[in-house]
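In the working numbering, the protein residues as written are 5 to 334.
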(Lines of atoms letter the chains of each structure in order from A and count residues from 1; the text may use other names and numbers.)
(Lines give C-alpha, C1' and ligand atoms only; values in the text may rest on other atoms or scores of the structure.)
Protein backbone atom coordinates (compact mmCIF):
# COMPACT_ATOMS: atom_id res chain seq x y z
CA UNK A 1 0.00 0.00 0.00
CA UNK A 2 1.23 3.49 -0.82
CA UNK A 3 2.24 5.58 2.18
CA UNK A 4 0.74 9.05 2.47
CA UNK A 5 2.27 10.91 5.39
CA UNK A 6 1.57 8.69 8.41
CA UNK A 7 -1.17 6.70 6.63
CA UNK A 8 -1.76 3.71 6.70
CA UNK A 9 -0.15 3.41 10.12
CA UNK A 10 -2.26 6.22 11.51
CA UNK A 11 -6.03 5.72 11.18
CA UNK A 12 -8.20 8.15 13.19
CA UNK A 13 -11.23 5.97 12.42
CA UNK A 14 -9.99 3.45 15.00
CA UNK A 15 -11.31 5.79 17.68
CA UNK A 16 -14.77 5.88 16.05
CA UNK A 17 -15.41 2.15 15.76
CA UNK A 18 -18.12 1.64 18.39
CA UNK A 19 -20.45 3.77 20.51
CA UNK A 20 -18.44 2.86 23.62
CA UNK A 21 -15.19 3.91 21.95
CA UNK A 22 -16.66 7.21 20.77
CA UNK A 23 -18.08 7.87 24.22
CA UNK A 24 -14.79 7.09 25.94
CA UNK A 25 -12.71 9.50 23.83
CA UNK A 26 -15.30 12.29 23.58
CA UNK A 27 -13.70 15.65 24.35
CA UNK A 28 -16.97 17.32 25.32
CA UNK A 29 -19.72 15.88 27.47
CA UNK A 30 -23.07 17.34 28.40
CA UNK A 31 -24.21 16.84 31.97
CA UNK A 32 -27.57 17.67 33.57
CA UNK A 33 -25.80 20.10 35.90
CA UNK A 34 -24.74 22.15 32.87
CA UNK A 35 -28.34 23.08 32.16
CA UNK A 36 -30.61 25.93 33.28
CA UNK A 37 -34.33 26.02 32.48
CA UNK A 38 -35.87 29.35 31.41
CA UNK A 39 -39.51 29.52 32.50
CA UNK A 40 -42.34 32.00 32.02
CA UNK A 41 -45.01 32.59 34.64
CA UNK A 42 -48.14 34.50 33.69
CA UNK A 43 -50.37 36.45 36.00
CA UNK A 44 -54.09 35.79 36.10
CA UNK A 45 -54.33 32.43 34.32
CA UNK A 46 -55.75 29.22 35.74
CA UNK A 47 -54.15 26.84 33.23
CA UNK A 48 -50.77 26.89 31.48
CA UNK A 49 -50.96 28.82 28.20
CA UNK A 50 -49.15 27.20 25.24
CA UNK A 51 -46.82 29.51 23.31
CA UNK A 52 -47.68 28.99 19.64
CA UNK A 53 -44.24 29.96 18.34
CA UNK A 54 -42.48 27.66 20.81
CA UNK A 55 -44.10 24.21 20.65
CA UNK A 56 -43.88 22.47 24.01
CA UNK A 57 -43.24 25.67 26.00
CA UNK A 58 -45.95 27.35 28.07
CA UNK A 59 -46.65 30.41 30.13
CA UNK A 60 -46.99 28.77 33.52
CA UNK A 61 -49.48 29.29 36.27
CA UNK A 62 -48.00 29.58 39.73
CA UNK A 63 -48.86 25.95 40.42
CA UNK A 64 -47.53 24.57 37.14
CA UNK A 65 -44.32 26.58 37.64
CA UNK A 66 -43.75 24.92 41.00
CA UNK A 67 -44.25 21.53 39.36
CA UNK A 68 -41.79 22.41 36.58
CA UNK A 69 -39.21 23.47 39.17
CA UNK A 70 -39.62 20.21 41.08
CA UNK A 71 -39.25 18.22 37.86
CA UNK A 72 -36.08 20.14 37.02
CA UNK A 73 -34.62 19.21 40.42
CA UNK A 74 -35.51 15.57 39.90
CA UNK A 75 -33.83 15.59 36.48
CA UNK A 76 -30.62 17.08 37.87
CA UNK A 77 -30.91 20.54 36.25
CA UNK A 78 -28.88 23.19 38.08
CA UNK A 79 -31.08 26.25 37.79
CA UNK A 80 -34.28 27.89 36.66
CA UNK A 81 -34.45 31.40 35.18
CA UNK A 82 -37.80 33.06 35.80
CA UNK A 83 -39.53 35.59 33.57
CA UNK A 84 -42.72 37.28 34.75
CA UNK A 85 -45.64 38.05 32.44
CA UNK A 86 -47.96 40.58 34.13
CA UNK A 87 -51.52 41.37 33.23
CA UNK A 88 -51.64 43.87 30.37
CA UNK A 89 -53.43 46.46 32.50
CA UNK A 90 -50.50 46.51 34.93
CA UNK A 91 -47.93 47.56 32.34
CA UNK A 92 -46.87 51.20 32.38
CA UNK A 93 -44.09 53.47 31.15
CA UNK A 94 -41.83 52.77 34.13
CA UNK A 95 -42.53 49.05 34.46
CA UNK A 96 -43.66 49.45 38.05
CA UNK A 97 -45.02 45.89 38.20
CA UNK A 98 -41.40 44.77 37.98
CA UNK A 99 -40.62 46.29 41.37
CA UNK A 100 -43.91 45.51 43.10
CA UNK A 101 -43.13 43.05 45.93
CA UNK A 102 -46.44 41.39 45.08
CA UNK A 103 -45.84 41.45 41.32
CA UNK A 104 -45.95 38.19 39.42
CA UNK A 105 -42.19 37.70 39.20
CA UNK A 106 -41.60 38.26 42.90
CA UNK A 107 -44.53 36.01 43.81
CA UNK A 108 -43.14 33.32 41.52
CA UNK A 109 -39.68 33.61 43.10
CA UNK A 110 -41.18 33.05 46.54
CA UNK A 111 -43.25 30.13 45.25
CA UNK A 112 -40.28 28.37 43.68
CA UNK A 113 -37.99 28.93 46.66
CA UNK A 114 -40.67 27.51 48.93
CA UNK A 115 -41.02 24.51 46.62
CA UNK A 116 -37.36 23.62 46.01
CA UNK A 117 -35.36 25.56 48.59
CA UNK A 118 -31.68 25.42 47.72
CA UNK A 119 -31.94 22.27 45.58
CA UNK A 120 -32.23 24.43 42.46
CA UNK A 121 -30.58 27.77 41.76
CA UNK A 122 -33.49 30.18 41.49
CA UNK A 123 -32.58 32.90 39.03
CA UNK A 124 -34.54 35.96 37.93
CA UNK A 125 -34.47 38.03 34.79
CA UNK A 126 -33.72 41.59 35.80
CA UNK A 127 -35.17 43.72 33.02
CA UNK A 128 -38.15 45.98 32.44
CA UNK A 129 -39.30 44.86 28.99
CA UNK A 130 -41.94 42.45 30.29
CA UNK A 131 -43.42 45.19 32.47
CA UNK A 132 -43.36 48.32 30.29
CA UNK A 133 -46.20 49.32 27.99
CA UNK A 134 -43.68 50.25 25.28
CA UNK A 135 -41.74 46.99 25.50
CA UNK A 136 -38.29 48.50 25.93
CA UNK A 137 -35.79 47.33 28.53
CA UNK A 138 -35.73 50.68 30.30
CA UNK A 139 -37.57 53.92 30.89
CA UNK A 140 -37.83 56.41 28.05
CA UNK A 141 -36.86 60.07 27.95
CA UNK A 142 -38.93 62.87 26.42
CA UNK A 143 -37.63 61.97 22.96
CA UNK A 144 -38.64 58.31 23.29
CA UNK A 145 -35.09 57.07 23.76
CA UNK A 146 -34.09 54.64 26.50
CA UNK A 147 -32.63 56.71 29.33
CA UNK A 148 -29.63 54.72 30.54
CA UNK A 149 -29.10 56.29 33.95
CA UNK A 150 -32.78 56.57 34.85
CA UNK A 151 -33.12 52.91 33.94
CA UNK A 152 -30.27 52.01 36.28
CA UNK A 153 -32.29 53.42 39.18
CA UNK A 154 -35.12 51.05 38.28
CA UNK A 155 -32.71 48.12 37.98
CA UNK A 156 -31.41 48.82 41.48
CA UNK A 157 -34.96 48.60 42.82
CA UNK A 158 -35.61 45.41 40.87
CA UNK A 159 -32.48 43.77 42.23
CA UNK A 160 -33.51 44.45 45.79
CA UNK A 161 -37.08 43.19 45.48
CA UNK A 162 -35.94 40.09 43.60
CA UNK A 163 -33.35 39.32 46.26
CA UNK A 164 -35.94 39.83 48.99
CA UNK A 165 -38.25 37.43 47.14
CA UNK A 166 -35.63 34.69 47.21
CA UNK A 167 -33.51 34.89 44.07
CA UNK A 168 -30.15 33.16 44.40
CA UNK A 169 -29.00 34.87 41.20
CA UNK A 170 -30.18 37.98 39.37
CA UNK A 171 -29.61 38.38 35.65
CA UNK A 172 -29.46 42.01 34.48
CA UNK A 173 -30.29 41.61 30.79
CA UNK A 174 -31.05 45.14 29.60
CA UNK A 175 -27.54 45.98 28.34
CA UNK A 176 -27.45 49.35 30.10
CA UNK A 177 -24.01 50.84 30.68
CA UNK A 178 -23.02 50.43 34.33
CA UNK A 179 -25.82 47.99 35.18
CA UNK A 180 -23.65 45.40 36.91
CA UNK A 181 -22.02 47.89 39.28
CA UNK A 182 -25.35 49.50 40.14
CA UNK A 183 -27.00 46.14 40.80
CA UNK A 184 -24.08 44.95 42.94
CA UNK A 185 -24.22 48.13 45.03
CA UNK A 186 -27.99 47.83 45.42
CA UNK A 187 -27.73 44.25 46.65
CA UNK A 188 -24.90 45.03 49.05
CA UNK A 189 -26.81 47.99 50.49
CA UNK A 190 -29.51 45.64 51.79
CA UNK A 191 -27.05 43.06 53.08
CA UNK A 192 -27.47 40.65 50.16
CA UNK A 193 -23.82 40.09 49.38
CA UNK A 194 -24.74 36.42 48.94
CA UNK A 195 -26.88 37.04 45.84
CA UNK A 196 -24.87 36.42 42.66
CA UNK A 197 -25.04 38.36 39.41
CA UNK A 198 -25.22 36.66 36.02
CA UNK A 199 -24.25 39.44 33.62
CA UNK A 200 -25.71 39.40 30.13
CA UNK A 201 -22.31 40.46 28.86
CA UNK A 202 -22.70 39.88 25.13
CA UNK A 203 -26.37 40.24 24.24
CA UNK A 204 -26.87 40.85 20.56
CA UNK A 205 -29.77 42.55 18.77
CA UNK A 206 -30.97 39.37 17.10
CA UNK A 207 -33.79 38.30 14.81
CA UNK A 208 -33.87 35.03 16.75
CA UNK A 209 -35.67 36.63 19.71
CA UNK A 210 -38.95 36.62 17.77
CA UNK A 211 -40.78 33.80 19.60
CA UNK A 212 -39.65 35.15 22.99
CA UNK A 213 -41.60 38.34 22.39
CA UNK A 214 -44.77 36.26 22.24
CA UNK A 215 -43.71 34.32 25.33
CA UNK A 216 -43.48 37.46 27.48
CA UNK A 217 -46.32 39.33 25.78
CA UNK A 218 -43.99 42.12 24.66
CA UNK A 219 -45.50 45.23 23.10
CA UNK A 220 -42.18 46.50 21.73
CA UNK A 221 -42.30 49.62 19.63
CA UNK A 222 -39.19 50.03 17.48
CA UNK A 223 -36.09 47.95 18.16
CA UNK A 224 -33.33 47.58 20.76
CA UNK A 225 -30.32 48.34 18.61
CA UNK A 226 -29.29 51.38 20.67
CA UNK A 227 -28.47 49.16 23.65
CA UNK A 228 -28.13 45.57 22.47
CA UNK A 229 -24.97 44.76 20.52
CA UNK A 230 -24.45 44.76 16.76
CA UNK A 231 -24.05 41.26 15.37
CA UNK A 232 -21.11 42.40 13.24
CA UNK A 233 -18.92 43.13 16.27
CA UNK A 234 -16.49 40.93 18.18
CA UNK A 235 -14.13 43.20 20.14
CA UNK A 236 -17.11 45.01 21.62
CA UNK A 237 -18.01 41.84 23.54
CA UNK A 238 -14.54 41.60 25.04
CA UNK A 239 -14.79 45.21 26.14
CA UNK A 240 -18.19 44.52 27.71
CA UNK A 241 -16.68 41.49 29.45
CA UNK A 242 -13.89 43.56 30.97
CA UNK A 243 -16.38 46.16 32.19
CA UNK A 244 -18.75 43.59 33.69
CA UNK A 245 -15.92 41.89 35.55
CA UNK A 246 -14.66 45.22 36.88
CA UNK A 247 -18.18 46.00 38.12
CA UNK A 248 -18.52 42.72 39.99
CA UNK A 249 -20.14 40.11 37.74
CA UNK A 250 -20.01 36.61 39.23
CA UNK A 251 -20.91 34.90 35.95
CA UNK A 252 -21.20 36.16 32.39
CA UNK A 253 -23.34 35.14 29.44
CA UNK A 254 -23.48 35.22 25.66
CA UNK A 255 -26.92 35.49 24.04
CA UNK A 256 -27.93 34.13 21.54
CA UNK A 257 -25.77 31.02 21.62
CA UNK A 258 -25.83 29.22 18.27
CA UNK A 259 -25.23 32.16 15.90
CA UNK A 260 -22.52 33.53 18.21
CA UNK A 261 -20.36 30.52 19.04
CA UNK A 262 -17.27 32.44 17.95
CA UNK A 263 -18.06 35.13 20.52
CA UNK A 264 -18.71 32.48 23.16
CA UNK A 265 -15.34 30.86 22.47
CA UNK A 266 -13.48 34.16 22.72
CA UNK A 267 -15.26 35.16 25.94
CA UNK A 268 -14.67 31.74 27.50
CA UNK A 269 -10.99 31.88 26.61
CA UNK A 270 -10.33 35.05 28.61
CA UNK A 271 -13.02 35.07 31.33
CA UNK A 272 -11.97 34.15 34.85
CA UNK A 273 -15.58 33.61 35.94
CA UNK A 274 -18.03 30.95 34.69
CA UNK A 275 -19.46 31.58 31.22
CA UNK A 276 -23.04 30.73 30.29
CA UNK A 277 -24.84 30.83 26.95
CA UNK A 278 -28.54 31.19 26.21
CA UNK A 279 -29.99 29.01 23.48
CA UNK A 280 -32.80 31.39 22.70
CA UNK A 281 -36.36 31.01 21.49
CA UNK A 282 -35.59 31.24 17.77
CA UNK A 283 -32.92 28.55 18.04
CA UNK A 284 -35.42 26.34 19.85
CA UNK A 285 -38.27 27.00 17.43
CA UNK A 286 -36.19 26.33 14.30
CA UNK A 287 -35.32 22.84 15.47
CA UNK A 288 -38.86 22.10 16.62
CA UNK A 289 -40.33 23.37 13.32
CA UNK A 290 -37.90 21.43 11.15
CA UNK A 291 -38.47 18.29 13.20
CA UNK A 292 -42.24 18.69 12.95
CA UNK A 293 -41.85 18.74 9.16
CA UNK A 294 -39.76 15.58 9.33
CA UNK A 295 -36.71 17.34 7.92
CA UNK A 296 -34.34 16.57 10.80
CA UNK A 297 -34.00 14.09 13.65
CA UNK A 298 -35.25 16.20 16.56
CA UNK A 299 -33.46 14.47 19.42
CA UNK A 300 -30.13 14.28 17.61
CA UNK A 301 -30.37 17.91 16.53
CA UNK A 302 -31.06 19.07 20.09
CA UNK A 303 -28.06 17.23 21.51
CA UNK A 304 -25.82 18.34 18.64
CA UNK A 305 -26.77 21.99 19.13
CA UNK A 306 -26.22 21.84 22.89
CA UNK A 307 -22.94 19.97 22.54
CA UNK A 308 -21.74 22.64 20.14
CA UNK A 309 -22.50 25.33 22.71
CA UNK A 310 -20.67 23.40 25.42
CA UNK A 311 -17.73 22.70 23.10
CA UNK A 312 -17.43 26.43 22.31
CA UNK A 313 -16.84 27.13 25.99
CA UNK A 314 -20.13 27.43 27.87
CA UNK A 315 -19.99 26.17 31.44
CA UNK A 316 -23.77 26.39 31.62
CA UNK A 317 -26.51 26.56 29.00
CA UNK A 318 -29.95 28.10 29.32
CA UNK A 319 -32.22 25.96 27.16
CA UNK A 320 -35.94 25.31 27.00
CA UNK A 321 -35.10 21.62 26.65
CA UNK A 322 -33.21 21.56 29.96
CA UNK A 323 -35.40 19.10 31.84
CA UNK A 324 -36.00 16.86 28.84
CA UNK A 325 -32.32 16.67 27.95
CA UNK A 326 -31.25 16.20 31.58
CA UNK A 327 -33.51 13.15 31.81
CA UNK A 328 -31.95 11.77 28.63
CA UNK A 329 -28.43 12.27 29.97
CA UNK A 330 -29.00 10.64 33.35
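Glycine residues also receive a C-beta, built at the ideal position from the N, C-alpha and C atoms.
Would you please state the rounded distance, in angstroms, between the beta carbons of residue i and residue j? I believe it to be under 8 Å.
i           : j           : result
residue 321 : residue 295 : With 8 Å as the limit, residue 321 and residue 295 do not qualify as a contact, their Cβ atoms being about 19 Å apart.
residue 25  : residue 34  : Not quite, the Cβ-Cβ distance comes to about 18 Å (not below 8 Å), so this is no contact.
residue 252 : residue 194 : Incorrect: roughly 15 Å between the Cβ atoms, too far for contact.
residue 120 : residue 69  : With a Cβ gap of about 11 Å, residue 120 and residue 69 do not count as contacting.
residue 83  : residue 130 : Not confirmed; about 15 Å, so no contact.
residue 97  : residue 143 : 7 Å
residue 103 : residue 162 : 5 Å
residue 228 : residue 140 : 7 Å
residue 164 : residue 191 : 7 Å
residue 118 : residue 45  : Not quite, the Cβ-Cβ distance comes to about 14 Å (not below 8 Å), so this is no contact.
residue 284 : residue 212 : 5 Å
residue 89  : residue 36  : The Cβ separation is near 27 Å, so there is no contact.
residue 208 : residue 264 : 6 Å
residue 332 : residue 41  : About 14 Å separates the two Cβ atoms, so there is no contact after all.
residue 55  : residue 61  : 5 Å
residue 169 : residue 114 : 5 Å
DSSP three-state call for residue i: helix, strand or coil?
i           : result
residue 16  : helix
residue 132 : coil
residue 207 : strand
residue 159 : helix
residue 276 : coil
residue 81  : coil
residue 49  : coil
residue 120 : helix
residue 150 : strand
residue 259 : strand
residue 34  : coil
residue 201 : strand
residue 43  : strand
residue 183 : helix
residue 23  : helix
residue 59  : coil
residue 8   : strand
residue 110 : helix
residue 303 : helix
residue 283 : coil
residue 102 : helix
residue 173 : strand
residue 165 : helix
residue 232 : coil
residue 126 : strand
residue 29  : helix
residue 271 : helix
residue 96  : strand
residue 54  : strand
residue 88  : strand
Sort the options by Cα distance to residue i and report the nearest one.
i           : options            : result
residue 268 : 287, 131, 238, 115 : 238
residue 323 : 130, 310, 50       : 310
residue 313 : 260, 285, 290, 55  : 260
residue 171 : 161, 110, 211      : 110
residue 43  : 145, 332, 66, 301  : 66
residue 258 : 316, 305, 308      : 316
residue 274 : 255, 328, 161      : 255
residue 329 : 77, 5, 71, 148     : 77
residue 108 : 148, 73, 166       : 166
residue 2   : 285, 155, 149, 325 : There is no way to answer for residue 2, as the model of the chain reaches only from 5 to 334.
residue 339 : 231, 62, 22, 27    : The first residue shown for the chain is 5 and the last is 334, placing residue 339 beyond what the model contains.
residue 57  : 286, 331, 318, 304 : 286
residue 206 : 241, 279, 127      : 241
residue 85  : 184, 305, 16, 174  : 174
residue 246 : 235, 236, 277      : 277
So, is residue i buried or exposed, given that buried needs 16 or more other C-beta atoms within 10 angstroms?
i           : result
residue 135 : buried
residue 177 : buried
residue 301 : exposed
residue 87  : buried
residue 215 : buried
residue 47  : buried
residue 158 : buried
residue 11  : exposed
residue 127 : buried
residue 262 : buried
residue 29  : exposed
residue 16  : exposed
residue 318 : buried
residue 188 : buried
residue 148 : exposed
Is any beta-carbon of chain B found at less than 8 Å from that of residue i?
i           : result
residue 300 : The question asks about chain B, but that chain is absent: this structure has only one protein chain.
Please go through the stretch 305-333 and give each complete beta strand (DSSP E) segment of 3 or more residues, from N-terminal end onward.
-> With a minimum length of 3 residues, the continuous beta strand (DSSP E) runs that stay inside the stretch 305-333 are 320-322.
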